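Step one of this worksheet: look at the structure below.
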Amino acid sequence: MRQFADDPDEVIEEKGMVLCRINGTDLSLSLSFDDDGVLYCDDGRRKIKARVWIEKNLARLDVLAARILTEVEEEEHFVPVPSKKELASGAEENCRTTTDVVFEDLKQSNFFTSAIYLLSNAGDGKTMVMNRLARMTANAYREGKIHFIFLPIELGGRPFMRFDDLFIGELARKYRFRDYYFGALIELVKLGFVVLGLDGFEEMSVEGKDDKVISSLGELLSLFDSCGKIVVSARTAFYNYALENRVAIGDVMQRYDIEFSAYRLEPWTTSQFRELMSNYGINEKESAAVLGKLTARLGPSHPILTRPVLAHRLVRYIYESNGEYSRDLDSIGAVKEEVCQSKVLDDFVGVLLRREATEKWLSKSNKEKGGSQLLKLADHYVVLQSLAEEMWLSRTEFVKIDFLKDWMGVVCDQLGIGVAETRDCQEKILYHALLKADGTHYAFCHEAFAMYFLGRQIACLLAEEGYGMQLLQLLSLDVLSDAVVDEAAYHLSILNPGFDRVCKQLHSLKGGVSKNTPLGQNIGSLLMAYRMKAGVSEPCVFQDLYFSRSTMYGVALRNVRFEHCYFEALSVIGVDKWEDVVFTDSIIESIEIASLKDRIKDVVIDEESIPTKIIFREDDIYSPAMIREKLAMIGAELPEDLIAAATDDAIVPSEELSVFLKIVKLFTRTYYVTETLLSLKFGGDWSRIQKDILPVLIKHGLLALSERQRSGSTIGYRLGVAVSKIVHAQKVARGDFKRFLSDVKHL
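Okay, so the sequence shown: first residue is 5 according to this note's numbering, each after it adds one.
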């Protein structure tokens, strides 16, 4: 009750009576238990079960359900999104309709905190699924079928902020609901009345960095105290990183009962695209003609057919164009060209803007002649690029109507547009195909378009010299998302200002600013992405820059020298080649190697640049000697004295430690593991491990018997020590199990 009170210190509890003030109303409650131990509440008007009283009077779920149905837009053309559910054994289970199976999961009673992830790439429909779930639960609640509400909180594109400010601010701003304090909201989650949905969680890592964001998620889960449910939508890469980074969230899972599950949203097939056209009322014959044209030109797996966001925009365009779409469809993509999502989005935006310029943005004068174009096609790009830049600099995802009209006037003045035409433009911008209205607020209709235009703006500024201060402001504000960097790199490769010039320009722009700032990371990301997109192979030098994990993932390095740089992670898995690469005075957190068949040629790593960790198959190797040995075996050139030391000092990890570390990785998804899961993990070796090694791990307190068992399972195990201690001890043990035990016990 204290969590809901206006002043927790004024709550009086005495002899089954509770006196408090909630939302300005004085309450006097009498509490009692019946013979079955069920708590009842008497507020002077009636005596009812305490859960019912909380639901109606404190949670006010009826009001919240009504607000959700009002504020969460219904997608009338919604097409069910298929998915694959990850099972604890590592296998996957096909799900025809994601919303239905997740809804069933939310209705299940658990004795632990359930964290459900919705995973996909950008534009694959995560937000559509979250909004659909919100409306499904709100309707089911109003019909009396369930007694909880699913509350989606939009996070995408926002700077990192405290969860308490975020949740309560979103309730007030979007849902116009001001009845909860943060503590009250968490209490309702624990009681099962509210399921939180964090939509676009990975976007919060832009400013806070992944570790900080994952740690904050761990802190949030700890508040649930092994109760409640939460749904998190994120891109697949972020989820994989979160599971790998066990330190940030592992200790919370060791103290509380938390289980992770994940649904990976599948790309659309042609059947979903056909269903979408049918939902728009497009007849079967026309649908077949459209789909035939697109698949023949682009292929059935093209992003414009498989990404729901792009598919919805395309079908809406076809629906509104009254059959005048054949030429525009032919302009999207290119025959026999490698599929490039940036090119797809670029061509698609071109189709929409061409229609705006030639059919919608026409002057009101000379109406008998149909009116003249208010803006050229190129000007439409300028307008939206400028708006994306303004929203980025203002750290907002929407602008108010008055600002939008005034800003449109300023842009028209810069373009030399007349007064009468400017007024027309100020009216037209309110109905632009790529913007959406939410009352008096306007935003891009999807974050993919906001990132597209911001990336294009950065590319244009880099291609034209003389915009140093404007670029400095853009790149210094915050870390750009991967999607913005990709769009900027793609458009740079089209504009082709020359890699050497851009490299010198950005290094000069950075000056003496630390590489650990947003400016240092953005410059590193932009240069590496541009080099890859443009296929540049000429020698270059990167100095004092920061390279994130996503920036360097799957990158083939050639003729590159890194000096005083920082790398979150490098990987030689699936990379064509590393050739003529030098790392000098740099910091490399980790290098991932799939097997010793991964070969690199003429790659020089000096002593200061030796990585802190090597990920080899499923093992994390921290031993300096073993790291040097593995690097030498795949062809890296190290100082001779380091190679000799590696040969003399290399230690093979003990089997006990290797087995235990593999078991630890299973705890990234669940708070305890069963013997059935362990037998699947170790296969034919399990019977020997169960007999010889498992008792040793239990004896030394590394594993402990779980207090709770799943139905049908015999024995379950929990971690007996904190994950942070395990990681630290692993670093210093150098493969020795006795040394590992000693370090764990003394931390």
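C-beta atoms are modelled at their ideal positions from N, C-alpha and C, and glycine is treated no differently. These figures come from a predicted structure and were not determined experimentally.
Asked	Found
Kindly indicate which residue of Lys-605, Ala-315, Lys-695 has the alpha-carbon position closest to the one of Ala-636.	Lys-605
What would DSSP say about Ala-636, mapped onto helix, strand or coil?	helix
Could you pull the DSSP bridge partners for Leu-723 from this structure?	Leu-707
Gln-258: buried (16+ other C-beta within 10 angstroms of its C-beta) or exposed?	buried
Would you decide whether Ile-16 is buried or exposed? Buried here means 16 or more other CB atoms lie within 10 Å of its CB.	exposed
Within 10 angstroms of the Cβ of Asp-548, are there 16 or more other Cβ atoms? Answer buried if so, exposed if not.	buried
Quick check on this structure: which residue in Ser-32, Glu-80, His-151, Leu-110 has the alpha carbon closest to the alpha carbon of Arg-55?	His-151
Would you mind listing the alpha helix (DSSP H) stretches within the region 482-508 that are 4+ residues and don't spill past its ends, in chain order?	486-499
Assign Tyr-756 to buried or exposed, taking buried as 16 or more other Cβ atoms, counted over all protein chains shown, within 10 Å of its Cβ.	The structure shown does not extend to residue 756, since the chain spans only 5 to 751, so no value can be given for it.
Closest to Pro-156 by C-alpha separation, out of Asp-169, Val-199, Asn-143, Gly-129, would be which residue?	Val-199
First and last residue of the beta strand (DSSP E) that includes His-316?	Unbroken run through His-316 is the alpha helix (DSSP H), 312-324; no beta strand (DSSP E).
Select from Val-608, Val-133, Lys-89 the residue whose C-alpha is nearest the C-alpha of Arg-268.	Lys-89
Skipping 5 residues on each side, what residues in its chain have a beta carbon closer than 7 Å to that of Glu-468?	none
Taking Pro-156 as part of the beta strand (DSSP E), name the residues at either end of that continuous run.	153-158
Three-state secondary structure (DSSP) at Asp-13?	helix
Can you give me the C-alpha to C-alpha distance between Pro-643 and Ile-618, rounded to a whole angstrom?	18 Å
Taking Ile-72 as part of the alpha helix (DSSP H), name the residues at either end of that continuous run.	65-75
Quick check: Leu-481 and Trp-396, are their CB atoms within less than 9 Å of each other?	yes
Between Arg-320, Lys-194, Asp-747, Asp-689, which lies nearest to Ile-286 when the distance is taken from Cα to Cα?	Arg-320
List the endpoints of the continuous alpha helix (DSSP H) containing His-445.	It is not in any alpha helix (DSSP H) - His-445 instead sits in the beta strand (DSSP E) that spans 445-448.
Output needed for Glu-174: all residues of its chain with C-beta closer than 8 Å, excluding positions within five of it in sequence on either side, in chain order.	Ile-157, Glu-158
So Leu-33 and Asp-13 are in contact, right, with Cβ under 8 Å, and what is the actual spacing, rounded?	Not quite, the Cβ-Cβ distance comes to about 18 Å (not below 8 Å), so this is no contact.
Taking the beta strand (DSSP E) that Ser-32 falls in, what are its first and last residues?	29-37
Going by the CB atoms, is the gap between Asp-255 and Ser-728 shorter than 9 Å?	yes
Among Phe-407, Gly-515, Ala-441, Val-386, which has the Cα closest to the Cα of Ser-461?	As written in the sequence, residue 461 is Gln, which differs from the Ser given in the question. Cα-wise, what sits closest to Gln-461 is Val-386.
Report the CB separation of Ser-599 from Tyr-570 in whole angstroms; it is logged as a contact under 8 Å.	Their Cβ separation, rounded to whole angstroms, is 27 Å, which puts Ser-599 and Tyr-570 out of contact at 8 Å.
Can you tell me whether DSSP reads Arg-460 as helix, strand or coil?	helix
Helix, strand or coil: which one does DSSP assign to Val-256?	helix
Among Val-488, Gly-232, Arg-6, Ala-629, which one has its Cα closest to the Cα of Ser-113?	Gly-232
Which residues does DSSP pair with Gln-547 in a beta bridge?	Glu-567
Ends of the alpha helix (DSSP H) at Val-414?	405-418
Would you mind reading off the limits of the beta strand (DSSP E) that contains Ser-594?	594-597
Please determine, among Phe-116, Glu-279, Leu-408, the residue with the shortest C-alpha to C-alpha distance to Phe-82.	Glu-279
Do you know offhand how far Asn-520's Cα is from Gly-528's?	11 Å
Can you name the start and end residues of the alpha helix (DSSP H) that Phe-744 belongs to?	741-750
Rounded to the nearest angstrom, how far is the Cβ of Leu-122 from that of Lys-111, given a contact under 8 Å?	At roughly 17 Å, the Cβ-Cβ gap does not stay under 8 Å, so Leu-122 and Lys-111 are not in contact.
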